[in-house]
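Be aware that the sequence shown starts at 1, since it is given in full-length UniProt numbering, and climbs by one per residue. Beneath this line is the structure, given in structure tokens, with notes to follow.
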Amino acid sequence: MTNFDISVVSDTVCPWCYVGYRQLEQAQKLWRQRHPADTFSVRYLPYQLNPEAPRGVSVDKQDFYAARFGAQRFAMMNQRLGLVGASLGIDFKFGGRTGNTFDSHRVIHLAQRLGGDMGLRTVEGLFEAYFEKERDITDLEVLRQVALAGGVPEEEFQKSIVESNGESAQVEKAIMEARRQGVSGVPDFTIQDRYRLGGAQSAEEFIEIFEKIKALGD
1 MTNFDISVVS
11 DTVCPWCYVG
21 YRQLEQAQKL
31 WRQRHPADTF
41 SVRYLPYQLN
51 PEAPRGVSVD
61 KQDFYAARFG
71 AQRFAMMNQR
81 LGLVGASLGI
91 DFKFGGRTGN
101 TFDSHRVIHL
111 AQRLGGDMGL
121 RTVEGLFEAY
131 FEKERDITDL
141 EVLRQVALAG
151 GVPEEEFQKS
161 IVESNGESAQ
171 VEKAIMEARR
181 QGVSGVPDFT
191 IQDRYRLGGA
201 QSAEEFIEIF
211 EKIKALGD
């Protein structure tokens with residue numbers, strides 16, 4: 001039996017991180033069909049594509065990205081993401097609002113700290129809320145709803161996210177560590193602390209790494 005330990009550096013407003021989430025999920029499903037005894041430990045680590053954005057304030061998503069990339073490039077990005085997303089069961093939408101993602105990373109850290117599958121359920125819930133439901137994940141009430149749906153007890157959310165600055169030091173430290181390790185774009189995957197993949201890899205590319213690890217007995 002092999003346990004695959006996977007760390008994913010990601011931002012909650014990065015569309016390719018959502019694509020990468022689905023590709024990794026697909027790779028795990030395919031692998032388990034062949035090796036049902038193998039297990040996966042997946043942990044999400046924070047990164048901020050726009051750390052300068054003020055916390056607690058959001059702006060129109062389409063206006064922001066059109067200003068950042070230009071209207072024509074933004075339209076091309078939307079078209080490409082729409083096609084890629086459809087192949088993975090993601091219904092990308094581009095309305096809603098965007099802003100600083102620090103609080104969403106605090107919520108992920110809390111969910112992962114509490115254990116079980118709460119972390120991955122919360123990561124998926126945030127991606128779905130932002131990219132498919134056009135929800136504002138800078139808003140604490142939206143974060144509360146996503147966290148509770150992921151299994152986080154309401155009292156834990158209230159205590160750590162609303163009533164204190166809980167999880168902040170750990171999130172800041174993890175962001176600094178990612179930069180120290182040379183992460184400059186996301187998603188960024190590290191498997192068994194040894195194999196590193198940048199960008200939204202295909203399921204087949206993950207499986208190639210799994211096969212190598214299995215053969216070497218890592």
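In this text, a Cβ means the ideal position worked out from N, Cα and C, and glycines have one as well.
Straight-line spacing of the CA atoms in GLN79 and PHE131 works out to 14 Å.
At least 8 Å separates the beta-carbon of TRP31 from that of GLY199. Three or more Cβ pairs closer than 8 Å define a contact, and the region 137–152 meets that threshold against the region 109–122. Excluding five sequence positions before and after ARG144, the CB atoms of its chain that fall closer than 7 Å to its own CB belong to PHE157, given in chain order. Scanning its chain for C-beta atoms nearer than 7 Å, with the 5 sequence neighbours on each side dropped, one finds around ILE175 the residues PRO46, TYR47, GLN48, in chain order. THR190: not part of any alpha helix (DSSP H); member of the beta strand (DSSP E) spanning 188–191, first to last residue. Within the same chain, no residue comes within 7 Å of GLN33 by CB-CB distance, once the 5 residues on both sides are set aside. Judged by their CB atoms, ILE90 and ARG194 are not nearer to each other than the 8 Å cut-off.
Under the criterion of beta carbons closer than 8 Å, TYR44 and SER10 qualify as touching, at roughly 5 Å. Within its own chain, the residues whose Cβ lies closer than 8 Å to the Cβ of LEU140, once the five positions on either side in sequence are excluded, are ASP103, ILE161, VAL162, listed in chain order. Below 8 Å, too few C-beta pairs join the region 55–70 and the region 164–171 to call them touching: fewer than three. Just measuring C-alpha positions, the residue of LEU81, ALA37, ILE108, ASP63 sitting nearest GLY96 is ASP63. In this structure THR12 does not touch THR98 by the C-beta definition: roughly 10 Å separates them, more than the 8 Å allowed.
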